[in-house]
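Participant:
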Amino acid sequence: MAWVVIVEESVNYGQSARWGVGTVRGDHADREEARSAALAMTRTFAPNHPWSERDRQVFRNSEDSYLVNVVGATTEFHFRVSVAERI
9 MAWVVIVEES VNYGQSARWG VGTVRGDHAD REEARSAALA MTRTFAPNHP
59 WSERDRQVFR NSEDSYLVNV VGATTEFHFR VSVAERI
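Here the sequence shown is numbered in my numbering, starting from 9 and rising by one per residue.
1. Can you look up residue 41 in the DSSP assignment and give me helix, strand or coil?
2. Taking the CB atoms as reference points, tell me whether residue 89 and residue 46 lie closer together than 8 Å.
3. So what does DSSP say about residue 24, is it helix, strand or coil?
4. In whole angstroms, what is the alpha-carbon distance linking residue 15 and residue 43?
5. Can you round the beta-carbon distance between residue 62 and residue 81 to whole angstroms, since I take them to be within the 8 Å contact cut?
What follows is the structure, encoded as structure tokens:
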């Protein structure tokens, strides 16, 4: 078993837009290592939307979950970064 970082975000555009798993990264040896990677991803991950990022706010929901709000030129989107154990 290994620890991974999962990013959930908006996939596609317009009426076909949906919430989905965008990225799964890492086979981290332990939970703490995965938590560090997750925190780093809140600052560095380039989401599909918006394409022209102007600002980003990071909110910690728990030790294993973050919500990131990204402000673009004309709209805002969010994505979630979570730590999970692959079983």
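No residue lacks a Cβ here, since even glycine has one placed at the ideal position from N, Cα and C. Note that the structure is predicted; figures quoted are calculated from it, not measured.
Facilitator: Put simply:
1. helix
2. yes
3. Look at residue 24 here: in three-state DSSP terms it is helix.
4. 13 Å
5. About 6 Å; that satisfies the 8 Å criterion.
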